[in-house]
């Protein structure tokens, strides 16, 4: 039976309440000041793989869209991350965070130290958006429904516990407090309008679950490599290396 729009929206929000990565133990450590400087750096390095893939994901989506109105609405997502003449973009803001925690930004940018599981998760998301239905692709983006809270919690926690945290280093998260609600308002409305059968609603819900799995898997890999059991795969970033200056600290 097809749910009403209100019922279906409640179903989507419940997925976030149960499965969004704000509940992962690594985020609890990070936001409470429990991460070591190198654990913070490992997070910055690996999360960059995801951040830098977002424009590729959105470009793959737009290449499949025939509707000019949908393309126009979606285009700002690429600009938000890649930047424009007036807006430096989220990728540059993330590299500024890398500077602040003492990493060599060129090393971060080339992504040679990314955990294998991070790469697999990120590329699985890009392929999902490229290959699945437009409805599923848009639905997968709806983790942005839950992002403002984690960004606000992160800003508060990092400012309270880490010396590197200031308005400059945290500019990515502050900007997303404005950008994400705009994006998700459009995306949620589009999904609610187009998921007009029970089958489509199920597919959209499963797409959102898949995306929460993508985010959770990245943190699982990070926790396993740099917290416990602290098994860093060959080729992944080694703590204490590729620092911007020898005395750089993330504390």
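Residue numbers (our numbering): 1 to 251. Each residue gets a CB set at the ideal place from its N, CA and C atoms; glycine is no exception.
Measuring CA to CA, which of 19, 172, 9 and 67 is closest to residue 87? What you label residue 87 is simply residue 87 of the chain shown in a count that begins at 1. It is 172 whose Cα lies nearest to the Cα of residue 87.
Whole-angstrom distance between residue 212 and residue 24, CA atom to CA atom: Taking the chain shown and counting its residues from 1, the one referred to as residue 24 is at position 24. Taking the chain shown and counting its residues from 1, the one referred to as residue 212 is at position 212. Rounded to the nearest angstrom, the gap between the Cα atoms of residue 24 and residue 212 is 11 Å.
Beta-carbon contacts of residue 129 that lie in its chain and below 6 Å, excluding the five residues immediately before and after: As a first step, residue 129 must be located in the chain shown, where it is residue number 129. Its chain contains 57, 60, 61 and 137 as the residues whose beta carbon lies nearer than 6 Å to that of residue 129, once the 5 sequence neighbours on both sides are disregarded; these appear in chain order.
Burial state of residue 7, where buried means 16 or more other Cβ atoms lie within 10 Å: Here residue 7 corresponds to residue number 7 of the chain shown, with the count starting at 1. Exposed is the call here.
When 242, 126, 120 and 77 are compared against residue 186, the one with the closest alpha-carbon: Sequence index remark: in the chain shown, residue 186 carries index 186 (1-based). For the residues 242, 126, 120 and 77, the minimum Cα distance to residue 186 belongs to 77.
Does the distance from the C-beta atom of residue 201 to that of residue 17 stay below 8 Å? On the chain shown, residue 201 is found 201 positions in, with the first residue counted as 1. On the chain shown, residue 17 is found 17 positions in, with the first residue counted as 1. Contact: no.
Please specify which runs of the alpha helix (DSSP H), each continuous and at least 4 residues long, are wholly inside the stretch 110-154, giving them in chain order. 116-131 and 134-140
Return the residue from the list 85, 20 and 36 that minimises the CA-CA distance to residue 223. Along the chain shown, one-based indexing puts residue 223 at 223. With distances taken between Cα atoms, residue 223 lies closest to 36.
Of the listed residues 44, 239, 161 and 208, nearest to residue 132 (C-alpha basis): Reading the chain shown from its first residue, position 132 is the one you call residue 132. Taking only the C-alpha atoms, the option nearest residue 132 is 208.
Give the secondary structure of residue 170 by DSSP, where H, G and I count as helix, E and B as strand, and everything else as coil. Here residue 170 is taken as the residue at index 170 of the chain shown, counted from 1. Residue 170 falls in the coil class under three-state DSSP.
Under 7 Å Cβ to Cβ from residue 241, same chain only, skipping five residues before and after it: list those, please. Within the chain shown, residue 241 is the residue found at index 241, counting from 1. Nothing meets the Cβ criterion.
Measuring CB atoms only, is the stretch 34-49 touching the stretch 220-239, in the sense that at least three cross pairs come out at less than 8 Å? Of all C-beta pairs linking the stretch 34-49 to the stretch 220-239, three or more are shorter than 8 Å, placing the two stretches in contact.
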